[in-house]
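Written out below as C-alpha cells is the structure these notes cover.
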Amino acid sequence: MRRGRITLAALLCCISLSAWAAPLTLIMTTSIEASGLGPYLRAAYYEDTGAEVRAIITGSGQAYAAVRHGTIDVIMTHEPDGAKQLYDSGFITRPRPFMANHFILVGPVDDPIGVSKVAGLEEGFVLLRERQARFVSRGDLSGTHKREERLWALTGMAPDHKDYIKAGIGMAGALRMADQLEAYTLTEPGSFLTAARGLDLAIMIGDDQNVENRYEISMTKDADDRGQAFADWLLSPLGQSRIASFTVDNQHPYRPIRTPLQ
Amino acid sequence: MNSFLDASLDAFLLLLSGDGQVWAIVGRSLLISLISVVIGAMIGIPFGTLLALKQFRGRDVLSTLTNGFMGLPPVVIGLGVFLLLARNGPFGVLDLLYTKQAMIIAQVILVTPIIAAYSRDVMMTQSARFGMLLRAYHVPRLAGVLTLMKEGRRGIIGGLLAGFGRASAEVGAVMIVGGNIEAHTRVMTTAITLETAKGNLALALGLGFVLIAMTVIVSALLSGLTRERGAKS
Numbered sequence: 003m004r005r006g007r008i009t010l011a012a013l014l015c016c017i018s019l020s021a022w023a024a025p026l027t028l029i030m031t032t033s034i035e036a037s038g039l040g041p042y043l044r045a046a047y048y049e050d051t052g053a054e055v056r057a058i059i060t061g062s063g064q065a066y067a068a069v070r071h072g073t074i075d076v077i078m079t080h081e082p083d084g085a086k087q088l089y090d091s092g093f094i095t096r097p098r099p100f101m102a103n104h105f106i107l108v109g110p111v112d113d114p115i116g117v118s119k120v121a122g123l124e125e126g127f128v129l130l131r132e133r134q135a136r137f138v139s140r141g142d143l144s145g146t147h148k149r150e151e152r153l154w155a156l157t158g159m160a161p162d163h164k165d166y167i168k169a170g171i172g173m174a175g176a177l178r179m180a181d182q183l184e185a186y187t188l189t190e191p192g193s194f195l196t197a198a199r200g201l202d203l204a205i206m207i208g209d210d211q212n213v214e215n216r217y218e219i220s221m222t223k224d225a226d227d228r229g230q231a232f233a234d235w236l237l238s239p240l241g242q243s244r245i246a247s248f249t250v251d252n253q254h255p256y257r258p259i260r261t262p263l264q
Numbered sequence: 005m006n007s008f009l010d011a012s013l014d015a016f017l018l019l020l021s022g023d024g025q026v027w028a029i030v031g032r033s034l035l036i037s038l039i040s041v042v043i044g045a046m047i048g049i050p051f052g053t054l055l056a057l058k059q060f061r062g063r064d065v066l067s068t069l070t071n072g073f074m075g076l077p078p079v080v081i082g083l084g085v086f087l088l089l090a091r092n093g094p095f096g097v098l099d100l101l102y103t104k105q106a107m108i109i110a111q112v113i114l115v116t117p118i119i120a121a122y123s124r125d126v127m128m129t130q131s132a133r134f135g136m137l138l139r140a141y142h143v144p145r146l147a148g149v150l151t152l153m154k155e156g157r158r159g160i161i162g163g164l165l166a167g168f169g170r171a172s173a174e175v176g177a178v179m180i181v182g183g184n185i186e187a188h189t190r191v192m193t194t195a196i197t198l199e200t201a202k203g204n205l206a207l208a209l210g211l212g213f214v215l216i217a218m219t220v221i222v223s224a225l226l227s228g229l230t231r232e233r234g235a236k237s
C-alpha cells in the first residue's frame with residue numbers, strides 16, 4: 003500500500019516534470035556572459051518578443067561537448083574551428099556570425115618589456131617570447147586559448163620559456179592571475195572592460211584589426227522553431243541594434259556584423 | 005552510456021600507460037591534502053579535546069561555531085584566502101598566491117573544524133566512559149587525556165579521514181588560490197574541471213575514477229592502521 007503510494011508520487015513527479023515546458027536552452031561562452039551582454043540580450047529578447055531564454059554558460063570546449071550530448075538548442079561561441087567541426091559532423095546548422103570585436107593584449111601598467119609600442123599582436127607575441135615575458139595562458143581550449151596558440155604559431159616560436167604560465171582557468175581567473183603576477187595575457191574588450199575594474203592591468207595592443215574575434219550562432223539538430231526565432235531576432239536589424247547599443251563603462255565592446263537599425 | 009564506458013576505459017589506460025603527468029597530479033593532490041590534514045590535526049585535535057574536557061566561558065559558542073564551520077563553502081574560503089594573500093592584501097608580501105602553500109592554507113581552514121568536531125565528540129564519549137576511573141586512580145592530567153585519545157583513536161582517525169575526503173574532493177578553494185597551473189598547482193579536482201571545460205568529458209570522468217580510487221586507498225590504509233594497533237593492545 004505504502005509502496006504503491008510512493009510509486010504513484012514518483013510517477014506524478016515525472017509526469018509533471020515532463021509537462022513543464024523547458025524554455026529555449028542557449029549555451030554561450032563565458033566571455034559574453036561575464037561582460038554582461040548575455041543577461042542584456044536575454045532581457046532585450048524578452049522585451050522584444052516576450053519569450054524567455056535559459057542560458058548555460060561554459061567555455062567553447064565544454065559547449066561543444068554539451069551539443070554533442072544533445073542538451074542544447076542554440077549555441078553562441080567564438081571558436082570557429084570547433085564550430086566548423088560540429089557543423090561538418092551534422093550536429094549544428096551552419097554557424098552565422100552575429101557580432102565581432104578583436105583580441106587584445108593586456109599587461110601590467112608599467113609594461114616592463116615595452117610591448118605597447120609594437121604595432122600588432124603578431125609582433126607583440128614575438129617580443130613576448132624574445133624577452134621571455136611572464137604570460138598567463140588560459141590553457142582550456144577556449145576560443146581565446148585557441149587564438150593564443152595560433153598567434154604563437156605565427157611567430158614560429160614555441161612559448162616554452164620559464165615564465166609562460168600554463169594555467170587552466172576561465173577568462174576572469176586568467177585576468178586576475180595576470181594582475182597578481184604582473185603578467186601579460188590575451189583577452190577581448192568585453193571581458194577586459196568588465197573584469198578590469200580594480201585590476202592593475204592596461205591594454206598593451208588594442209587595435210590590431212587583423213585579429214578579429216567573431217561570435218557565431220547556430221542551432222543544434224534538437225532545436226525547434228524557438229531556436230530559429232531567437233537566431234533570426236539576433237541577426238535582424240532589431241537584434242543587431244541591441245548589440246550596438248550595449249555598453250560597459252560607456253564603451254562598446256562588441257560591434258554587430260550586419261547593419262543595425264539607426 | 006557510451007561515454008561512460010569510454011571514461012572507464014580512459015581511466016584504465018591512463019593508469020596503465022603510466023602517464024607521468026597524471027601520476028604527478030595524483031601525487032600533488034595527495035601531498036597537499038595530507039599536509040593539510042596533518043596541520044589540521046595539530047590544531048583540530050587539541051582544540052576539540054579542549055572543547056570536550058574543559059569548562060570555560062564561551063565554550064558552547066565555540067562548539068556551535070565549530071559545527072557550523074564544518075560546512076564552510078570551499079569557494080568562499082578560497083576567496084577569503086585569495087584576498088588575504090593578494091598583492092595588495094595584508095599578507096601580500098609573502099608572495100604565496102598561486103602556490104601549493106596557498107592551497108594548503110585554504111585546505112587547513114576547510115578541514116580543521118571537521119577534525120575538531122570529531123575529536124570533541126570522541127573525547128566527550130571517552131571521558132564519560134573513563135573519566136571517573138582515571139580520576140579515581142589519580143592518573144596525571146596529561147596521561148589521562150592521552151589515554152582517552154588512545155581509546156578513541158578510531159573516532160579521531162575517522163575525523164582525519166573525513167577531513168582528507170573533503171580536502172581532496174574540493175575544487176572551489178584550490179582553483180582560486182592555486183590557479184590550476186600546469187606542473188605547479190594542478191591537482192586532481194582542478195584537472196577534472198579543466199578537462200570538462202575543454203569538452204573532454206570522458207577523460208574528465210576517467211580522472212574522477214582515479215581520484216575516487218586514491219581516496220579509497222588512503223582510507224583503507226588509515227583504517228587498516230588502527231585495526232592493527234587495536235589488535236596488539
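Respectively, the protein sequence lines represent chains A and B. The opening position of the first sequence corresponds to residue 3 in the working numbering, with each subsequent residue numbered one higher. The opening position of the second sequence corresponds to residue 5 in the working numbering, with each subsequent residue numbered one higher. No residue lacks a Cβ here, since even glycine has one placed at the ideal position from N, Cα and C.
Is residue i helix, strand or coil when you go by DSSP?
i: residue 136 (chain B); result: helix
i: residue 117 (chain B); result: helix
i: residue 212 (chain A); result: coil
i: residue 90 (chain B); result: coil
i: residue 246 (chain A); result: helix
i: residue 48 (chain B); result: helix
i: residue 134 (chain A); result: coil
i: residue 259 (chain A); result: coil
i: residue 144 (chain A); result: coil
i: residue 5 (chain B); result: With a pLDDT of 49 at residue 5 (chain B), under the threshold of 50, the predicted position of this residue should be treated as unreliable, though the coordinate-derived value follows. Note: residue 5 (chain B) maps to coil in three-state DSSP.
i: residue 78 (chain A); result: strand
i: residue 235 (chain B); result: Unreliable positioning characterises residue 235 (chain B) in this predicted model, as indicated by a pLDDT of 48, which lies under 50. A coordinate reading is not provided.
i: residue 48 (chain A); result: helix
i: residue 141 (chain B); result: coil
i: residue 128 (chain B); result: helix
Residue i: which of the options sits nearest, CA to CA?
i: residue 141 (chain A); options: A:216, A:161, A:201; result: A:161
i: residue 255 (chain B); options: B:65, B:29, B:83, B:21; result: Not covered by the structure: residue 255 (chain B). The range shown for chain B is 5 to 237.
i: residue 83 (chain B); options: B:26, B:111, B:134; result: B:111
i: residue 130 (chain A); options: A:147, A:149, A:153, A:111; result: A:153
i: residue 214 (chain A); options: A:258, A:220, A:39; result: A:258
i: residue 152 (chain B); options: B:130, B:160, B:59, B:108; result: B:130
i: residue 115 (chain A); options: A:99, A:51, A:133; result: A:133
i: residue 211 (chain A); options: A:238, A:122, A:146, A:197; result: A:122
i: residue 42 (chain B); options: B:160, B:190, B:215; result: B:160
i: residue 2 (chain B); options: B:124, B:39, B:31; result: Because chain B here runs from 5 to 237, residue 2 (chain B) falls outside it and cannot be looked at.
i: residue 204 (chain B); options: A:61, A:138, A:156, A:227; result: A:61
i: residue 261 (chain A); options: A:237, A:252, A:27, A:250; result: A:237
i: residue 32 (chain B); options: B:226, B:145, B:171, B:68; result: B:171
Taking residue i and residue j to be in contact with their CB atoms under 8 Å, please state how far apart those CB atoms are, rounded to whole angstroms.
i: residue 114 (chain B); j: residue 174 (chain B); result: 6 Å
i: residue 120 (chain A); j: residue 207 (chain A); result: 6 Å
i: residue 183 (chain A); j: residue 122 (chain B); result: At roughly 38 Å, the Cβ-Cβ gap does not stay under 8 Å, so residue 183 (chain A) and residue 122 (chain B) are not in contact.
i: residue 194 (chain B); j: residue 184 (chain B); result: 4 Å
i: residue 78 (chain A); j: residue 31 (chain A); result: 7 Å
i: residue 177 (chain A); j: residue 201 (chain A); result: 6 Å
i: residue 173 (chain A); j: residue 36 (chain A); result: 6 Å
Please return the same chain residues whose Cβ sits closer than 6 Å to the Cβ of residue i, not counting the five positions on each side in sequence.
i: residue 120 (chain B); result: 48, 51, 52, 70
i: residue 58 (chain A); result: 29
i: residue 177 (chain B); result: 78, 81, 82, 110
i: residue 143 (chain A); result: 63
i: residue 10 (chain B); result: 206
i: residue 145 (chain A); result: 62, 80, 81
By Cβ distance below 7 Å, which residues in the same chain neighbour residue i in space, the five residues on each side in sequence not counted?
i: residue 88 (chain A); result: 66, 69, 94
i: residue 106 (chain B); result: 85, 89, 100, 181, 182
i: residue 191 (chain A); result: 103, 106, 255
i: residue 66 (chain B); result: 55
i: residue 47 (chain A); result: 53, 55, 232, 235
i: residue 223 (chain B); result: 165
i: residue 241 (chain A); result: 235
i: residue 225 (chain A); result: 75, 76
i: residue 50 (chain A); result: 235, 240
Can you list, in chain order, the residues of its chain with a C-beta nearer than 8 Å to that of residue i? Leave out the 5 residues immediately preceding and following it.
i: residue 42 (chain A); result: 244, 248
i: residue 175 (chain A); result: 169
i: residue 86 (chain A); result: 97
Against chain A: residues of the segment 171-202 of chain B by CB proximity under 8 Å: Residues 179, 180, 183, 184, 185, 186, 187, 190, 194, 195, 197, 198, 200, 201, 202.
Chain-ordered residues of the segment 81-95 of chain B with a beta carbon less than 7 Å from chain A: 90, 91
Chain-ordered residues of the segment 188-202 of chain A with a beta carbon less than 8 Å from chain B: none
Short-range partners of chain B found in the segment 162-174 of chain A, where Cβ spacing is below 8 Å: 167, 168, 169, 170, 171, 172
Residues, ordered as in the chain, of the segment 201-224 of chain B that lie near chain A by beta-carbon distance below 7 Å: Against chain A - using a Cβ distance shorter than 7 Å - the residues of the segment 201-224 of chain B are 201, 202, 203, 205.
Chain-ordered residues of the segment 131-151 of chain A with a beta carbon less than 8 Å from chain B: 141, 142, 143, 144
Positions along the segment 60-90 of chain A whose CB lies within less than 9 Å of some CB in chain B: 60, 61, 62, 63, 64, 65, 66, 67, 68, 70, 71, 84
Proximal residues, the segment 101-113 of chain B versus chain A, C-beta separation under 9 Å: 101, 102
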